[in-house]
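Residue numbers (the working numbering), protein chains in the order written: chain A, 92 to 390; chain B, 92 to 390. Heads up, the beta-carbon is just placed ideally off N, CA and C, and yes, glycines get one too.
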């Protein structure tokens, strides 16, 4: 039963490949870490790294890559379209196998404390947050790097770790814990984005729809179609097939049809096996019947 | 990319737990072998072991357990309801990850050759068979232990390995290779087993239905329902959802309804993810998007 945590640090460098590779190299050096993906966006001037490992190794990987980012990135010269406040902007941890949210919070705190030791202010967010205000990353990051020189002086924004003073070179860093998120889009045959938007509003939490669904309507210009673009923030409670069926039901009233769907990025197999179980009406199904689950559990 | 082969040896001992445990212990000793399951049936007087490992380790596990079975089981005293011809009755190998059928056949031949060295006649079967007659295990085993003292003298039943003379204590052994099999049952609301049987005959290969489906109709006495009980012998070509939809279509003509289905034992995740992909109409889906696949591939 190998404990596994996913970590998706975001670094404020997406243009200088040399710097990005030096940061990723810090992770490559660590045995037992699986790099699932890393990609840089030039407009955002930002790199997103997705990696998985044991609690001990993932902590090491997060700390070493953040240390290298603090060394190589100068936030006083950073420009980019994406909101950001630090060289290592955010470090979210997510439980993958045989670990609890609490164990992830422990890891987040140890990483935060270490980064604080480098004179970089650190805020814990989402499930690791120490106050309700800090749960939402957008609230924490509001004002961004430039605004933080003032914001940090307010009593309610005293960092969880590190000095109550902005680090001009490295900015500050948010370290958090969140449940796994599934990005899932449903494509409609209508070119009318208003219809997609109305459907999105009806199926999402805010509109009284499914509790763990965030959704917006988008236009797919090239296909002359539209899309309900969703984040399922707790796929164990609100399943993919529920979102799919709800969108179909709502689409009907506009005479629109679902023409397909997309799963974005990497997802846990359970998020899709739930759909197989539902549509095939499988009785007494257990994840222990999945060969790959058994193989991973044995390790 | 770890190469993995599954092996499901059947031993002709299901009553004496001491003997069964001694045989399984031979496998437990080998590092890197995952025992998925083993179960003994007293009526059959037979134990079925399911294990997975690298080609090198699985070969070792098959040989060592068969050697222990040859030592501890005396076929001249064996009684049981299930057809059998040897102490280690059959040893089928199945590719699980990053191995070809050919590599499995190589392993089967090495295991067969070693067992032959112990003066036990060995027949290669299914995809490892050396003649068309030997493909079907039932044909190979016909006559069983008792009949083999004569059968083995016929030229067409000269063993692939070992002597052309029956081993009175250990019998003979079939070593084979087969693609993974998914056991899948669909339950109907009708108590009329004739309807289930007619549906089975229409959806299976023999009846002109789906190529890789074997099916029979069964009565579920306790539920007062019936079942189409199937083996999907190549789930990559004939998917579970196809079998499910075909049974639904056939049931309609009798006014019968599908009330549920069952997956029996352990199955590869792809066999069920195919159904999620189909019913959710997922575009451009790749198995690389499954977290667990990535984790296993990294090893």
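* Enclosing beta strand (DSSP E) for residue 321 of chain A [first to last residue] -> It spans 316-323 - the beta strand (DSSP E) in which residue 321 of chain A sits, taken as one unbroken run.
* Asked: Taking C-beta to C-beta, are residue 148 of chain B and residue 124 of chain B nearer than 8 Å?
  -> Pairing residue 148 of chain B with residue 124 of chain B gives a Cβ-Cβ distance under 8 Å.
* To do: Please go through the segment 248-302 of chain B and give each complete beta strand (DSSP E) segment of 3 or more residues, from N-terminal end onward.
  => Counting only runs of 3 or more, we get 264-268, 273-279.
* Alpha carbon to alpha carbon, how far is residue 262 of chain A from residue 208 of chain A? -> For the pair residue 262 of chain A and residue 208 of chain A, the Cα-to-Cα distance works out to about 14 Å.
* Distance, residue 379 of chain A Cα to residue 385 of chain A Cα -> A direct Cα-to-Cα measurement between residue 385 of chain A and residue 379 of chain A gives close to 6 Å.
* Separation of residue 156 of chain A from residue 118 of chain A, as counted between CA atoms -> Approximately 6 Å between the Cα atoms of the pair.
* Going along chain A, which residues have a C-beta under 9 Å from residue 184 of chain B? -> Near residue 184 of chain B there are no residues of chain A at all, since even the closest Cβ is about 15 Å away, more than 9 Å.
* Please name the residues in the segment 106-124 of chain B whose beta-carbon is closer than 8 Å to at least one beta-carbon of chain A, in chain order. => Correct list: empty, as no residue qualifies.
* Asked: For the 8 Å Cβ check, are there 3 or more pairs between the segment 337-349 of chain B and the segment 275-289 of chain B?
  -> Yes, they touch.
* Report, in whole angstroms, the separation of the C-beta atoms of residue 189 of chain B and residue 93 of chain B, which I expect to be a contact under 8 Å. => Their Cβ separation, rounded to whole angstroms, is 7 Å, which keeps residue 189 of chain B and residue 93 of chain B in contact under 8 Å.
* In chain order, what residues of the same chain have a beta carbon less than 7 Å from the beta carbon of residue 225 of chain A, not counting five sequence neighbours either side? -> If the five residues before and after residue 225 of chain A are omitted, its C-beta is found closer than 7 Å to the C-beta atoms of 214, 215, 216, 231, all from its own chain and listed in chain order.
* Under a CB-based cut-off of 8 Å, is residue 356 of chain B close to chain A? -> Judged by the 8 Å Cβ criterion, residue 356 of chain B is in contact with chain A.
* Pull up the CB-CB distance for residue 381 of chain A and residue 99 of chain B, whole angstroms please, since I reckon it's below 8 Å. => At roughly 17 Å, the Cβ-Cβ gap does not stay under 8 Å, so residue 381 of chain A and residue 99 of chain B are not in contact.
* Asked: For residue 183 of chain B, which residues of its own chain have a beta-carbon under 6 Å away from its beta-carbon, when the five flanking residues on both sides are left out?
  -> 99, 267, 269.
* To do: Tell me, please, whether the CB atom of residue 351 of chain A is closer than 8 Å to any CB atom in chain B?
  => Yes, because at least one Cβ of chain B sits closer than 8 Å to the Cβ of residue 351 of chain A.
* To do: Rank A/318, A/303, A/135 by C-alpha distance to the C-alpha of residue 287 of chain A and give the top, closest one.
  => Nearest C-alpha to residue 287 of chain A among A/318, A/303, A/135: A/318.
* Asked: Which residues in chain A sit within 9 Å of residue 359 of chain B, going by Cβ to Cβ distance?
  -> Chain A residues near residue 359 of chain B: 381, 382, 383.
* Asked: Could you give the uninterrupted runs of the beta strand (DSSP E) lying entirely in the segment 160-221 of chain B, keeping only those of 3 residues or more?
  -> With a minimum length of 3 residues, the continuous beta strand (DSSP E) runs that stay inside the segment 160-221 of chain B are 179-188, 213-217.
* To do: Kindly indicate if chain B contains any beta-carbon less than 8 Å away from that of residue 290 of chain A.
  => Closer than 8 Å: no.
* Below 9 Å between beta carbons is the criterion; list the residues of the segment 143-155 of chain B that meet it against any residue of chain A, in chain order. => Result list: 143.
* Starting from the Cα of residue 294 of chain A, find the closest Cα among A/191, A/331, A/264, A/250 and give me that residue. => Selection A/191, A/331, A/264, A/250 evaluated against residue 294 of chain A yields A/331 as nearest (Cα-Cα).
* Under a three-way DSSP split, which group does residue 137 of chain A fall into? -> Three-state result, residue 137 of chain A: strand.
* Asked: Just checking, does the segment 187-203 of chain B make contact with the segment 122-141 of chain B on the three C-beta pairs under 8 Å criterion?
  -> Output reads no: the segment 122-141 of chain B does not touch the segment 187-203 of chain B.
* **residue 366 of chain A: contacting residues in chain B (beta-carbon distance under 8 Å)** => Using a Cβ-Cβ cut-off of 8 Å, residue 366 of chain A is close to 366, 367, 370, 371 of chain B, given in chain order.
* Three-way DSSP call (helix, strand, coil) for residue 233 of chain B in this model -> In the structure shown, residue 233 of chain B sits in coil (DSSP, three-state: anything other than H, G, I, E or B).
* To do: Counting only the same chain and skipping the five closest in sequence on each side, list residues whose C-beta sits under 6 Å from that of residue 219 of chain A.
  => Once the five neighbours on either side are set aside, the close Cβ partners of residue 219 of chain A are 196, 199, 267, 268.
* **Given residue 259 of chain A as reference, the closest of A/312, A/362, A/233, A/165 once Cα atoms are compared** => Here the closest residue by C-alpha is A/165.
* To do: May I ask you to list the residues that DSSP assigns as paired with residue 143 of chain B?
  => According to DSSP, residue 143 of chain B bridges with B/97, B/125.
* Exposure of residue 290 of chain B, with buried meaning 16 or more beta-carbon neighbours within 10 Å -> Counting Cβ neighbours within 10 Å, residue 290 of chain B comes out buried, since at least 16 surround it.
* Asked: Which whole-angstrom value describes the C-beta separation of residue 239 of chain B and residue 176 of chain B, a residue pair presumed to lie in contact below a C-beta threshold of 8 Å?
  -> With 8 Å as the limit, residue 239 of chain B and residue 176 of chain B qualify as a contact, their Cβ atoms being about 6 Å apart.
* To do: Could you confirm whether any beta carbon from chain B is found closer than 8 Å to the beta carbon of residue 303 of chain A?
  => No, no contact with chain B.
* To do: Let me know the secondary structure DSSP gives residue 308 of chain B once reduced to three states.
  => DSSP places residue 308 of chain B in strand when its eight states are reduced to three.
* residue 103 of chain B by DSSP, collapsed to three states: which one? -> Reduced to three states, the DSSP call for residue 103 of chain B is coil.
* Would you tell me roughly how many angstroms separate the C-alpha atoms of residue 306 of chain A and residue 306 of chain B, rounded to the nearest one? => Taking the straight line joining both Cα atoms gives about 44 Å.
* **Of the listed residues A/350, A/204, A/264, A/304, nearest to residue 314 of chain A (C-alpha basis)** => Of A/350, A/204, A/264, A/304, the residue nearest in Cα terms is A/350.
* Asked: Is the beta carbon of residue 227 of chain A sitting closer than 8 Å to the one on residue 272 of chain A?
  -> In this structure, residue 272 of chain A does not lie closer than 8 Å to residue 227 of chain A by Cβ.
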